[in-house]
Every structure is written in structure tokens, then in C-alpha cells.
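Following: one structure in C-alpha cells, then a few remarks.
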Amino acid sequence: GGTVVSGSWDSTVRLWNINSGHSNYVTSVAFSPDGVTVVSGSSDYTIRIWDINSGSSKILEGHSDFVWSVAFSPDGVTVVSGSEDSTIRLWDINSGISKVLEGHSEEVTRVSFCPNGRTVISTDWNGIRKLWDVNSGLEITTLSDFHQQENQQITGILIDKDGWILRKGVRILWLPISLRGNIVSEHKLIIAIGNSQGR
């Protein structure tokens with residue numbers, strides 16, 4: 379039938395209804411900050427908000443193509459989604475109403491909220507990152523050189539298109555072109571920079 383049973387090391391047995399949910403594969407999932415809700419995005423163009431206790435879900439519709447990435451806001455009342463349709467949506471999970479953020483020219487593959495909850499970061503297929511103001515829905519800035527930096531250990535900082543290092547959305551240091559893309563780490567405003575010659 380439509381039920382799967384699972385057993386776990388935590389001494390629980392669960393019954394899962396496999397007939398409810400997305401109609402195509404799931405591309406992204408994330409827990410709410412309080413751990414009682416899950417959001418999922420799918421190639422069926424929808425987003426679902428799941429109550430983990432009851433297993434019930436609410437459908438959010440609006441994207442016109444695959445949903446590649448979903449994330450909760452720090453307060454758990456808003457979900458951000460990025461799609462193959464090149465848009466980002468901010469969803470009120472209670473009303474299901476969304477605000478559309480437009481500016482990418484390629485599919486949006488990753489989205490997340492900054493810790494303050496007032497800014498969203500998005501990345502498209504070409505590695506272009508943008509910062510967005512959650513309240514207005516307007517783009518704050520476009521960030522560059524992220525394909526070069528993708529495999530480096532960067533924590534808490536970004537570089538905008540003009541070469542400024544941003545920390546929590548604030549410009550803190552300008553880098554000459556020769557040093558861009560070489561950031562290794564940042565801790566308490568101390569920035570370690572290395573280059574391809576090992577210096």
C-alpha cells in the first residue's frame with residue numbers, strides 16, 4: 379500500500395504515508411529554527427511546509443520551474459526559495475503569500491538568510507551572488523568571483539563587484555584586483571590572505 383514502517387536507534391517505530399507529498403523529486407529540504415517544521419522544494423515547481431508531528435503539509439505555489447533551494451528565516455516565519463525560473467521568492471508560511479525578487483539572469487541554485495534575518499543571499503548557475511533586502515525585496519548588491527572562491531574556507535565574509543569585503547552586509551576593506559579571490563579566512567576582523575604562489 380502507501381505506508382512504510384521504520385525503526386530507529388532512538389527506540390521509536392514510525393509509520394510513513396508515502397502517497398502524500400511532491401509529485402516529482404525533492405531538490406532541497408531545511409528545518410525551521412525550532413525544529414518542528416520542515417520546508418521542501420521540488421522539481422514539481424512547488425514548495426511544501428511540513429508539520430513533523432502530524433506529517434501534514436501545506437503547498438506553496440508560484441514558481442514556474444524547478445525549485446532548487448529553500449531555507450527558513452531565523453525567526454521561522456518566512457521561507458526563501460530559489461528556482462530554475464531565475465527568481466527568488468519570500469514566502470509567509472502562514473498566509474502562503476510570496477514576494478518575488480528578480481535580478482538573476484540564470485537559474486537560482488542556492489538561497490539563504492543572513493543571521494540578522496533582514497538580508498537574503500542568492501547564488502545563480504554562473505556563481506553570481508546577490509544580497510537582497512527582505513523588507514523591500516530590492517537588491518542590495520551583486521557579488522563576484524565566487525567560482526574562484528568556492529573551494530576555499532571563507533567564513534562570514536563576501537566580496538562585492540567593486541572589490542570590497544563585506545561582513546554582515548557592511549563594507550570593511552577594499553582589495554586590489556591582484557588579491558581578490560584569494561581570501562582564506564577571517565576571524566574578528568583579522569583577514570588572512572594567500573595567493574597561488576603560497577604567500
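For the sequence shown, the working numbering assigns the number 379 to the initial residue and increments by one for each residue that follows. Using N, Cα and C, we set each Cβ at its ideal position, and we do this for glycine too. The structure displayed is predicted, hence computed values, not measured ones.
Assign F491 to one of three DSSP states: helix, strand, or coil. On the sequence shown, position 113 is the one that residue 491 refers to. Three-state DSSP puts F491 in a strand.
So, do the region 402 to 409 and the region 440 to 460 have three or more beta carbon pairs nearer to each other than 8 Å? yes
Can the beta-carbon of V512 be found less than 7 Å from the beta-carbon of V498? Sequence index remark: in the sequence shown, residue 512 carries index 134 (1-based). Sequence index remark: in the sequence shown, residue 498 carries index 120 (1-based). Yes, Cβ-Cβ distance for V512 and V498 is below 7 Å.
Give me the Cα-Cα distance between T424 and P493, rounded to the nearest whole angstrom. The count along the sequence shown starts at 1 and reaches residue 424 at position 46. The count along the sequence shown starts at 1 and reaches residue 493 at position 115. Within the model, the alpha-carbon separation for T424 versus P493 is close to 26 Å.
Among W428, G419, R426 and V455, which one has its Cα closest to the Cα of T487? Within the sequence shown, residue 487 is the residue found at index 109, counting from 1. Of the listed residues, the one whose Cα sits closest to T487 is G419.
Considering only C-alpha positions, which residue in the set G495, I475 and G481 is nearest to K436? Within the sequence shown, residue 436 is the residue found at index 58, counting from 1. Nearest of G495, I475 and G481 to K436, Cα basis: I475.
Looking at the secondary structure, which residues open and close the beta strand (DSSP E) in which W387 lies? Within the sequence shown, the letter at position 9 stands for residue 387. Run containing W387: none; DSSP gives neither H nor E here.
Once DSSP output is grouped into helix, strand and coil, what is the label at V416? Here residue 416 refers to the residue found at position 38 when the sequence shown is read from its first residue. If DSSP states are grouped into helix, strand and coil, V416 belongs with the strands.
Note down, in chain order, each residue of its chain lying with its Cβ closer than 8 Å to the Cβ of H482, except the 5 sequence neighbours on either side. As a working mapping, residue 482 is identified with position 104 in the sequence shown. For H482, where only same-chain residues beyond five positions count, the Cβ hits under 8 Å are S464, T465, I466, S500, D502, I506 and K508.
Tell me whether D463 sits in a helix, a strand or coil according to DSSP, three-state version. As a first step, residue 463 must be located in the sequence shown, where it is residue number 85. Reduced to three states, the DSSP call for D463 is coil.
So what does W542 bridge to, in DSSP terms? Your numbering for residue 542 matches position 164 in the sequence shown. Note: W542 sits in a beta bridge opposite W552.
Leaving out the 5 sequence neighbours to the left and right, which residues in its chain are closer than 6 Å to S401 when beta-carbon positions are compared? Sequence index remark: in the sequence shown, residue 401 carries index 23 (1-based). D422.
Inter-residue Cα distance where the pair is D412 and L544: What you label residue 412 is simply residue 34 of the sequence shown in a count that begins at 1. What you label residue 544 is simply residue 166 of the sequence shown in a count that begins at 1. Between D412 and L544, the C-alpha separation is close to 29 Å.
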